[in-house]
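Chemist: I have a structure I would like to understand better, so I am pasting it below and will then ask my questions one at a time.
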Amino acid sequence: MSGCHYPSPTPPERDRRYQHKVSLVVRYFMIPCNICLILLATSTLGFAVLLFLNNYKPPHFTPAQPPDGCRGKLCGFGAVCERDPTDQAKAECVCKRAECPSLVAPVCGSDSSTYSNECELEKAQCNTQRRIKVLRKGPCSLKDPCSDVKCSYGSTCVQSTDGLAAKCMCPLGCEGKPEETVCGSDGKDYRNECELHQHACKSQKNIRVHSQGHCDPCKDSENSLSTMCRVEAHTRQPLLFDLPESCPPDREPLCASDGSSYPSECAMISKGIQKGIKLRKIHAGRCRRLEECKEGCLYNAVCLVEQLNARCSCDPIECDGTYKPTCGEDGHTYNNDCIRRKTECLSKTLIPIRHPGPCDLDIPSPCLDKQCEHGAVCVVKNDEPVCECPEACAQISDPVCGSNGHSYGSPCEMRAMGCALQKIIQIQHKGPCDESCANCSFGAICDAQSGQCVCTSECVDSHQPVCGSDGTTYNSECELNVWACTQQMDLRVSSQGECKTCGSTVCAWGARCVQNKCKCPECSGESLSPVCGSDGTTYDNKCELGVYSCMQKRRIDVAKAGSCDEALIRRANHISISADRARQHITVPRPGPVSGTTLEGAHRGPPLVVMQTAAVPFPLWLLGRLRETQSSSDKV
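Just so you know, the sequence shown maps onto residues 5 to 640 in this note's numbering.
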């Protein structure tokens, strides 16, 4: 009690205790005594302190929130932030994009690495969390094919799709191109670079891009009676200056470096700009006789005063950046006439003007004597005329049927194919060709005149190798289709480029190389999503279909989503069975060239022969079911 006794305070002491109320709270924590609390509660201040202490919750009783590792962590390029299950304070950016296809279309990234395709580049960009751009198509180790190609007369170098070859092409159109004015080598302005190349190709003039912007940037400047415009030589920016007549006079004239007197420094600078020479002030007051050149200067030289000595010099000549080309008799093109005159001064030789414009503008194009057929366009490649076919057509839907029986998305696509094959293909009629013979298999094409599926016999000579689904490398996709058609094989392009070996073999039919062995894909964890295969079998999902196609080493496509039951009914309605010949053959009534395939093991008795259009694949299981149906009908 002795440690907790407080005497009754007198009025002056009450004020003093009020001033030291904080010490009372400290005493409460330091002296755990109930009597102290009772005494403290006897005053109004003490009651307030008790309420505060009763509701007070020390911060150490609040459970601490676990740190969030993803807070403030930014993941780009498609990655998402994931926390460590064992430690929420740790997190990392994880890429969850789907697996890239096994397509071999190499590209060179800005990190000097070669990727098998653009998907792999984007995947690496996500994993490293840094931007990687496609520098060009093809491996980084390969040289840019355009580096050895010189295109002129409006054509520009374009890489092939595989990045291995290059050719010169004229622009097909400039619709949608932004307005970015360029100055042509002919001294004319063009709306953009595309229109310049297009004009050069049509006129067969060797016009190139001289610079960005207008040839004369002062062309659009607002000139007045008191100002003039000059193009700065290095930046090609327009600069406005006062005319000499509009300059106010100084208190006294001055002597300039050309030996002439000027009323002001402003007038001196303006006069120098008009003459195209650089002037500087020598001294105040008028020039003396000794500061003048005794004889007239030749070859466009100007008088230069230095240290009381006057001489003729080319140094003060200062030409602007305006591009108004002039062809001199020396065969050289000068950006403007001022540069030609300064060259005369430096060489001390007269160079007369042959004609306005560049010297090479009138050189006849080698394409003028070259005739191209089947829609090809002549371009100048490495100074030689070459006939090139256009590669791109506008993405418009205007289907037509060609005279070769093939449907094309537009007349442009038809002409492009005719050019590539160097054959005449004319429009048979608007719209796609007759579908009676359009669904040709094994790479065959429909001949509208005969109504038959025929195999292509020739391809355009080009080296764009592809890897077939049979593991064989073909020189082009066209040659793969020719081989598939002539051999009646199910072939497709597995990947661009040559096939990659796996040990001593080449993986085909969707198999992948694992530890130098070809293995078919696995479908663990795939959801149930039935699909009907082109072999008439229902598979649990697309993956299962691919596995079976790989194991059987034959092509099986997805005919439709869902079960094959409905497809069976629809296909059976198109099959006619002759009652007296059902045991000998089944005829599929579709037009086209007939080819027979003997099917062993489909039924008992003589082998069945399926007669089909262009060897259209027909499932064995359907033949067996039709055979069972026919047997039951015979019994009835």
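The C-beta atom is built at its ideal place from N, Cα and C for all residues, glycine as well.
Within the same chain, show all residues whose beta-carbon is closer than 6 Å to that of residue 517, passing over the 5 residues directly before and after it, in chain order.
Modeler: By one-based count along the sequence shown, residue 517 stands at place 513. So the list reads 506, 511, once near-sequence residues are dropped.
Chemist: Taking only runs of the beta strand (DSSP E) that begin and end inside the stretch 95–177, which ones reach a length of at least 3 residues, in chain order?
Modeler: The stretch 95–177 contains these whole beta strand (DSSP E) runs: 95–99, 111–113, 138–141, 160–163, 170–173.
Chemist: Specify, as a first and last residue, the run of the alpha helix (DSSP H) that residue 279 falls within.
Modeler: Along the sequence shown, read from residue 1 onward, the residue named residue 279 stands at position 275. Looking at the DSSP string, the run of the alpha helix (DSSP H) that includes residue 279 is 269–279.
Chemist: Residues in its own chain within less than 7 Å of residue 355 by CB, not counting five upstream and five downstream?
Modeler: One-based indexing of the sequence shown puts residue 355 at position 351. Cβ neighbours of residue 355 beyond the five flanking positions: 332, 333, 334, 344, 347, 348.
Chemist: According to the Cβ coordinates, are residue 500 and residue 164 closer than 8 Å?
Modeler: If you number the sequence shown from 1, residue 500 lands on position 496. If you number the sequence shown from 1, residue 164 lands on position 160. Their beta carbons are not under 8 Å apart, which means residue 500 does not touch residue 164 by this criterion.
Chemist: Compute the Euclidean distance between the alpha carbons of residue 606 and residue 560, then round it to the nearest angstrom.
Modeler: Position 602 of the sequence shown, counting from 1, holds the residue named residue 606. Position 556 of the sequence shown, counting from 1, holds the residue named residue 560. Its pLDDT being 33, under 50, residue 606 is placed unreliably by the model, and the measurement read from it follows with that caveat. Answer to the nearest angstrom: the Cα atoms are 19 Å apart.
Chemist: Would you identify the three-state DSSP class for residue 86, choosing helix, strand or coil?
Modeler: Working through the sequence shown from its first residue, we reach residue 86 at position 82. Residue state, collapsed to three classes: strand.
Chemist: Enumerate in chain order the residues of its own chain whose CB-to-CB distance from residue 523 is below 7 Å, with the five nearest sequence positions on each side excluded.
Modeler: Translated into positions along the sequence shown, residue 523 becomes position 519. Correct list, in chain order: 515, 516.
Chemist: With 8 Å as the threshold, decide whether the Cβ of residue 446 is near any Cβ in chain C.
Modeler: This model lacks chain C altogether; it includes just one protein chain.
Chemist: Would you kindly work out how many angstroms separate the C-alpha atoms of residue 503 and residue 141, rounded to a whole number?
Modeler: For the purposes of this step, residue 503 is taken as residue 499 along the sequence shown, with counting starting at 1. For the purposes of this step, residue 141 is taken as residue 137 along the sequence shown, with counting starting at 1. Residue 503 and residue 141: Cα-Cα distance of roughly 19 Å.
Chemist: Which class does residue 448 belong to by DSSP, given the choice of helix, strand or coil?
Modeler: Reading the sequence shown from its first residue, position 444 is the one you call residue 448. Correct three-state label for residue 448: coil.
Chemist: How long is the line joining the alpha carbons of residue 457 and residue 543, rounded to whole angstroms?
Modeler: For this step, residue 457 is matched to residue 453 along the sequence shown. For this step, residue 543 is matched to residue 539 along the sequence shown. If you take the alpha carbons of residue 457 and residue 543, they lie about 31 Å apart.
Chemist: Given this structure, state the Cα-to-Cα distance separating residue 383 from residue 427, to the nearest angstrom.
Modeler: For the purposes of this step, residue 383 is taken as the residue at position 379 of the sequence shown. For the purposes of this step, residue 427 is taken as the residue at position 423 of the sequence shown. One C-alpha to the other measures close to 20 Å.
Chemist: Quick one, which of 567, 513, 521, 565 has its alpha-carbon nearest residue 552's?
Modeler: Taking the sequence shown and counting its residues from 1, the one referred to as residue 552 is at position 548. Cα-wise, what sits closest to residue 552 is 513.
Chemist: Following the continuous beta strand (DSSP E) through residue 197, name the residue where it begins and the one where it ends.
Modeler: One-based indexing of the sequence shown puts residue 197 at position 193. Per DSSP, residue 197 belongs to no beta strand (DSSP E); it is in the alpha helix (DSSP H), 197–207.
Chemist: Using a threshold of 8 Å, state whether the C-beta atoms of residue 434 and residue 390 are closer than that.
Modeler: Here residue 434 corresponds to residue number 430 of the sequence shown, with the count starting at 1. Here residue 390 corresponds to residue number 386 of the sequence shown, with the count starting at 1. For residue 434 and residue 390, no; Cβs fall outside 8 Å.
Chemist: Measure the Cβ-Cβ separation of residue 137 and residue 114 and say whether it is below 8 Å.
Modeler: For the purposes of this step, residue 137 is taken as residue 133 along the sequence shown, with counting starting at 1. For the purposes of this step, residue 114 is taken as residue 110 along the sequence shown, with counting starting at 1. In contact: residue 137 and residue 114 (Cβ atoms closer than 8 Å).
Chemist: Can you tell me whether residue 200 is buried or exposed? The criterion is at least 16 other CB atoms within 10 Å of its CB, across all chains shown.
Modeler: The residue labelled residue 200 in the question sits at position 196 within the sequence shown. Its Cβ being crowded by 16 or more others within 10 Å, residue 200 is buried.
Chemist: In its own chain, which residues sit with a C-beta less than 6 Å from the C-beta of residue 234, not counting the 5 before and 5 after it?
Modeler: Within the sequence shown, numbered from 1, the residue matching residue 234 stands at position 230. Closer than 6 Å at the Cβ level, and outside the excluded window around residue 234, lie 243, 277, 324.
Chemist: Reducing DSSP to helix, strand and coil, say where residue 553 ends up.
Modeler: Here residue 553 refers to the residue found at position 549 when the sequence shown is read from its first residue. Reduced to three states, the DSSP call for residue 553 is helix.
Chemist: Taking only the alpha-carbon atoms, compute the straight-line gap between residue 519 and residue 508 and give it to the nearest angstrom.
Modeler: The count along the sequence shown starts at 1 and reaches residue 519 at position 515. The count along the sequence shown starts at 1 and reaches residue 508 at position 504. Taking the straight line joining both Cα atoms gives about 12 Å.
Chemist: Compare the beta carbon distance of residue 288 and residue 272 with 8 Å and say whether it is the shorter of the two.
Modeler: In the sequence shown, counting from the first residue as 1, residue 288 sits at position 284. In the sequence shown, counting from the first residue as 1, residue 272 sits at position 268. No, Cβ-Cβ distance for residue 288 and residue 272 is not below 8 Å.
Chemist: Return the chain-ordered ranges of every beta strand (DSSP E) run that is complete within the stretch 216–254 and spans a minimum of 3 residues.
Modeler: Taking only runs of at least 3 residues, the beta strand (DSSP E) segments lying wholly in the stretch 216–254 are 231–235, 242–246.
Chemist: What runs of the alpha helix (DSSP H), each 4 residues or longer, lie entirely inside the stretch 448–521?
Modeler: Entirely contained in the stretch 448–521, the alpha helix (DSSP H) runs reaching 4 residues are, in chain order, 481–491.
Chemist: May I have the straight-line CA-CA distance separating residue 429 from residue 239, to the nearest angstrom?
Modeler: Residue 429 sits at position 425 when you count from the first residue of the sequence shown. Residue 239 sits at position 235 when you count from the first residue of the sequence shown. Rounded to whole angstroms, residue 429 to residue 239 spans 53 Å at the Cα level.
Chemist: Counting Cβ pairs, one atom from each stretch, are 3 or more of them under 8 Å apart for the stretch 252–269 and the stretch 217–227?
Modeler: Result no; under three Cβ-Cβ pairs closer than 8 Å.
Chemist: I need the boundaries of the beta strand (DSSP E) containing residue 316, first residue and last residue.
Modeler: Indexing the sequence shown from 1 puts residue 316 at position 312. Element bounds for residue 316: 313–317.
Chemist: What's the gap between the Cα of residue 547 and the Cα of residue 101?
Modeler: Working through the sequence shown from its first residue, we reach residue 547 at position 543. Working through the sequence shown from its first residue, we reach residue 101 at position 97. Looking at the two C-alpha atoms, the distance is approximately 18 Å.
Chemist: Is the separation between the beta-carbon of residue 213 and that of residue 180 shorter than 8 Å?
Modeler: Position 209 of the sequence shown, counting from 1, holds the residue named residue 213. Position 176 of the sequence shown, counting from 1, holds the residue named residue 180. No, the pair does not count as a contact, with Cβ atoms beyond the cut-off.
Chemist: For residue 309 versus residue 321, is the C-beta spacing smaller than 8 Å?
Modeler: Residue numbering aside, residue 309 sits at position 305 when the sequence shown is read from its first letter. Residue numbering aside, residue 321 sits at position 317 when the sequence shown is read from its first letter. Cβ atoms of residue 309 and residue 321: not closer than 8 Å.
Chemist: What is the rounded straight-line gap between the Cα of residue 155 and the Cα of residue 476?
Modeler: Residue mapping note: residue 155 aligns to position 151 of the sequence shown, counting from 1. Residue mapping note: residue 476 aligns to position 472 of the sequence shown, counting from 1. Answer to the nearest angstrom: the Cα atoms are 36 Å apart.
Chemist: Between which two residues does the beta strand (DSSP E) holding residue 346 run?
Modeler: The residue labelled residue 346 in the question sits at position 342 within the sequence shown. That residue, residue 346, is in no beta strand (DSSP E); its alpha helix (DSSP H) goes 341–351.
Chemist: Could you tell me the boundaries of the alpha helix (DSSP H) in which residue 417 lies?
Modeler: In the sequence shown, counting from the first residue as 1, residue 417 sits at position 413. Element bounds for residue 417: 415–425.
Chemist: Thinking residue 144 and residue 112 are a contact (beta carbons under 8 Å), I'd like their distance in whole angstroms, please.
Modeler: Along the sequence shown, read from residue 1 onward, the residue named residue 144 stands at position 140. Along the sequence shown, read from residue 1 onward, the residue named residue 112 stands at position 108. Yes, residue 144 and residue 112 are in contact; Cβ-Cβ is about 4 Å, under 8 Å.
Chemist: DSSP on residue 283, reduced to helix/strand/coil?
Modeler: As a first step, residue 283 must be located in the sequence shown, where it is residue number 279. Three-state DSSP puts residue 283 in coil, outside helix and strand.
Chemist: Does DSSP put residue 385 in a helix, in a strand, or in coil?
Modeler: Looking up residue 385 in the sequence shown gives position 381. Of the three classes helix, strand and coil, the one that applies to residue 385 here is strand, per DSSP.
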